[in-house]
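**Q** Keeping their order, the protein sequence lines are chains A and B. If you're matching positions, the first sequence starts at 1 in our numbering and goes up one per residue. If you're matching positions, the second sequence starts at 1 in our numbering and goes up one per residue.
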Amino acid sequence: PSTALFNQETLQQRLQTLIEGARESWTYAIYWQSSVVDYTGASVLGWGDGYYKGEEDKGKRRTASSQSAVEQEHRKKVLRELNSLISGSSGSTDDAVDEEVTDTEWFFLVSMTQSFVNGSGLPGQAFFNSAPIWVAGTERLVGSPCERARQGQVFGLQTMVCIPSANGVVELGSTELIFQNSDLLNKVRVLFNFSN
Amino acid sequence: NGDLPIFRRKSLQRFLVKRKERLTLVTPYAC
Chain A
1 PSTALFNQET LQQRLQTLIE GARESWTYAI YWQSSVVDYT GASVLGWGDG
51 YYKGEEDKGK RRTASSQSAV EQEHRKKVLR ELNSLISGSS GSTDDAVDEE
101 VTDTEWFFLV SMTQSFVNGS GLPGQAFFNS APIWVAGTER LVGSPCERAR
151 QGQVFGLQTM VCIPSANGVV ELGSTELIFQ NSDLLNKVRV LFNFSN
Chain B
1 NGDLPIFRRK SLQRFLVKRK ERLTLVTPYA C
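1) Cys146(A) to Glu99(A), Cα distance in whole Å?
2) With a Cβ-Cβ cutoff of 8 Å, do Ser25(A) and Ser174(A) count as a contact?
3) Which one of Ile178(A), Val135(A), Ser115(A) and Val70(A) has the shortest CA to CA distance from Gly46(A)?
4) Given a threshold of 16 other Cβ atoms within 10 Å of its Cβ, counted over all protein chains shown, does Arg150(A) qualify as buried or as exposed?
5) With distances taken from CA atoms, which of Val44(A), Ser43(A), Asp49(A) and Thr27(A) is nearest Leu11(A)?
6) Would you list the residues sitting across from Ile133(A) in a DSSP beta bridge?
7) Any residues in the region 20 to 46 of chain A with a beta carbon nearer than 7 Å to a beta carbon of chain B? Which ones, in chain order?
8) Cα separation between Leu184(A) and Phe108(A)?
9) Taking the alpha-carbon positions, what's the Lys10(B) to Glu9(A) distance?
10) For Gly26(A), name the three-state secondary structure that DSSP assigns.
11) Among the candidates Gln13(A), Thr102(A), Val37(A) and Val169(A), whose CA atom is the shortest distance from the CA of Pro123(A)?
12) If you follow the beta strand (DSSP E) that Asp49(A) is part of, which residue opens it and which one closes it?
13) So Asn83(A) contacts chain B; which residues on that side make the cut at Cβ distance below 8 Å?
14) Excluding the five sequence neighbours on either side, which residues of its own chain have a C-beta within less than 8 Å of the C-beta of Glu23(A), listed in chain order?
15) Cβ of Met160(A) less than 8 Å from any chain B Cβ?
16) Would you say Leu12(B) faces chain A, with C-beta separation under 8 Å as the test?
17) By DSSP, does Val101(A) sit in helix, in strand, or in coil?
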């Protein structure tokens, strides 16, 4: 348990090091934690931690969904409720929750509710096959058999990467088009091989 | 519901704090 707690605590620094130290412009990074769910040995990947950096060029891409007033009101309402849940005060007075919620912020938030059983989804496939998955380009995301990849494209992503590690999967996403490079794969291996 | 798993709660809290910082940077004089 102490090792697991230590790893949980350092996850955030590892994700931040990965994103802030990258040459490319990644929008977010998520660590999907692997755990065994029952006596059958079925495994599930659930939310471990995440680091959201945001887009370099905010105004660059706003999809139809983020421009709809109804959609924006819904997102702001959810953010207000989450803010109240976290701060424990009802009727949050925090101005930030009344600012526009971008597509990638929304995608990052929704990701916290997701999990992947036995090799399902992009993270599940990477973990199950112990092989990185690098999807670069709108067409490839749209054509992906994984719902999460298609969903990412709807929210403005052009690149999604899932890299398996000993205890889970590191996922990165970007609104920029970024082609596969070994530098990132090696960094993940060094940062997330928890045996070190 | 009120009982968020601890991992998510901490991630969510950090996301909201950093979002506020980002927005302050972008619109420092927002009334």
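Even glycine gets a Cβ: it sits at the ideal position worked out from N, Cα and C.
**A** Concretely, from the data shown:
1) Position 146 of the first sequence, counted from the start, is the residue given in the question as residue 146(A). Position 99 of the first sequence, counted from the start, is the residue given in the question as residue 99(A). Whole-angstrom Cα-Cα distance: 31 Å.
2) Translated into the one-based positions of the first sequence, residue 25(A) becomes position 25. Translated into the one-based positions of the first sequence, residue 174(A) becomes position 174. Yes, the Cβ-Cβ distance between Ser25(A) and Ser174(A) is below 8 Å.
3) Taking the first residue of the first sequence as 1, we reach residue 46(A) at position 46. If we check each option's Cα against that of Gly46(A), Ser115(A) comes out closest.
4) The residue you call residue 150(A) lines up with position 150 of the first sequence. Arg150(A) is exposed by the Cβ-count criterion.
5) Against the first sequence, residue 11(A) aligns to sequence position 11. When each option's Cα is compared against that of Leu11(A), the closest is Asp49(A).
6) As a working note, residue 133(A) is residue 133 in the first sequence. Answer is Cys162(A), bridged to Ile133(A).
7) none
8) Stepping through the first sequence from its first residue, residue 184(A) is reached at position 184. Stepping through the first sequence from its first residue, residue 108(A) is reached at position 108. Computed Cα separation, rounded: 21 Å.
9) In the second sequence, the residue the question calls residue 10(B) occupies position 10. In the first sequence, the residue the question calls residue 9(A) occupies position 9. Cα to Cα, the separation comes out at about 10 Å.
10) Along the first sequence, read from residue 1 onward, the residue named residue 26(A) stands at position 26. Per the sequence presented here, residue 26(A) reads as Trp, with Gly not at that position. The answer is coil: DSSP assigns Trp26(A) none of H, G, I, E or B.
11) Position 123 of the first sequence, counting from 1, holds the residue named residue 123(A). Of the listed residues, the one whose Cα sits closest to Pro123(A) is Val169(A).
12) Counting from 1 along the first sequence, the entry for residue 49(A) is found at position 49. Ser43 to Tyr52 is the extent of the beta strand (DSSP E) around Asp49(A).
13) Position 83 of the first sequence, counting from 1, holds the residue named residue 83(A). Going along chain B in sequence order, the residues near Asn83(A) (Cβ under 8 Å) are Leu16.
14) In the first sequence, counting from the first residue as 1, residue 23(A) sits at position 23. Reading the sequence as shown, one finds Arg at residue 23(A) and not Glu. The answer, listed in chain order, is Asp183.
15) For the purposes of this step, residue 160(A) is identified with residue 160 of the first sequence, where counting begins at 1. For Met160(A), the answer is no, since every Cβ of chain B falls outside 8 Å of its Cβ.
16) For this step, residue 12(B) is matched to residue 12 along the second sequence. So yes, Leu12(B) belongs to the interface.
17) The sequence position of residue 101(A) within the first sequence is 101, counting from 1. Here Val101(A) sits in coil by DSSP.
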